[in-house]
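Each residue of the sequence shown is one higher than the last, beginning at 1 in full-length UniProt numbering.
A short worksheet on the structure shown next.
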Amino acid sequence: MNKKAAEQQRAVRSMETPEQYSEFEDSVIEAAKTQAQRIIDDARRQGDANFDKLMEGHRGDPLIPYREEAKNRLARKMASVKQDNRKKLLVYRSQLVNGLFAEMEEALEEYTGTPAYAQRVADALARRAPEISGKCTVRLRRADEALLAPVVKKALPSADIAVDGSIRLGGVKLETQHILYDETLDFAAAAERAAFLTRCKLRVE
Numbered sequence: 001m002n003k004k005a006a007e008q009q010r011a012v013r014s015m016e017t018p019e020q021y022s023e024f025e026d027s028v029i030e031a032a033k034t035q036a037q038r039i040i041d042d043a044r045r046q047g048d049a050n051f052d053k054l055m056e057g058h059r060g061d062p063l064i065p066y067r068e069e070a071k072n073r074l075a076r077k078m079a080s081v082k083q084d085n086r087k088k089l090l091v092y093r094s095q096l097v098n099g100l101f102a103e104m105e106e107a108l109e110e111y112t113g114t115p116a117y118a119q120r121v122a123d124a125l126a127r128r129a130p131e132i133s134g135k136c137t138v139r140l141r142r143a144d145e146a147l148l149a150p151v152v153k154k155a156l157p158s159a160d161i162a163v164d165g166s167i168r169l170g171g172v173k174l175e176t177q178h179i180l181y182d183e184t185l186d187f188a189a190a191a192e193r194a195a196f197l198t199r200c201k202l203r204v205e
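Structural data, given as structure tokens:
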């Protein structure tokens, strides 16, 4: 009788009484534990074999894996430093551009107190007048109301005049039923800033 048949007969006999069945159950559990441990041991041996295979190319110099890790760590560090430098460059460029256009706004503030400013608005209104039909509202800064109201009435006698708090630097907006014409210094300054950034390529790659 082979070993497997003997185990089967022993299992059948052990089930004849509750006590014997309990012993059989314990033996099954023990066998399962043994098999599980065998599987674990096989997996560990397989893992060791894979590790040895992985390390075959490094047998001549055991420091190679550490050098590779150091090189990778250095590459990650350099990428982080490069990104930080890009951010610093962006901040510096932003400060540079903001300072430049702050000076321009100071010059515009002086400009809005000159006759040339009133003439600029008059020219803009005259240029837009042929395009306007029907009801029109001209929006301007409260600070410009006294200076520009006569200019508006001369160019567009039927237009209403309204104060617009969104206009910061000067100029006017012409609002019709369907179209808003922006002739403000704010719009001109924003366009000039965008053009300046494009011309000078002040961007972070």
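Note that the Cβ used here is the ideal one computed from N, Cα and C, for glycine as well.
In this text, all values refer to a predicted model and were calculated from it rather than measured experimentally.
Since Asp-160 is in the beta strand (DSSP E), which residue starts that stretch and which ends it? 160-163
Thr-112: buried (16+ other C-beta within 10 angstroms of its C-beta) or exposed? buried
Under 8 Å by Cβ, that's how I've got Gly-171 and Asp-160 pegged, so tell me the actual separation to the nearest angstrom. With 8 Å as the limit, Gly-171 and Asp-160 do not qualify as a contact, their Cβ atoms being about 17 Å apart.
Could you check the C-alpha separation between Arg-139 and Val-152 for me, to the nearest Å? 10 Å
Could you check if Cys-136 is buried or exposed, using at least 16 other CB atoms within 10 Å of its CB as the buried criterion? buried
For Glu-25, which three-state DSSP category applies? With a pLDDT of only 49 at Glu-25, under 50, the local geometry of the prediction cannot be trusted, and no value is derived from it.
For Ala-70, count the other beta carbons within 10 Å of its own beta carbon; 16 or more makes it buried, fewer makes it exposed. Which is it? exposed
Residue burial classification, Arg-127 (beta-carbon count within 10 angstroms, cutoff 16): exposed
In the structure shown, what three-state DSSP assignment does Lys-173 receive? strand
Leaving out five residues before and five after Ala-124 in sequence, what residues of the same chain have Cβ atoms less than 8 Å from its Cβ? Gly-171, Val-172, Glu-183
Could you say which of Glu-192, Arg-193, Ala-191, Leu-169 lies nearest to Glu-110 if we only look at CA atoms? Leu-169
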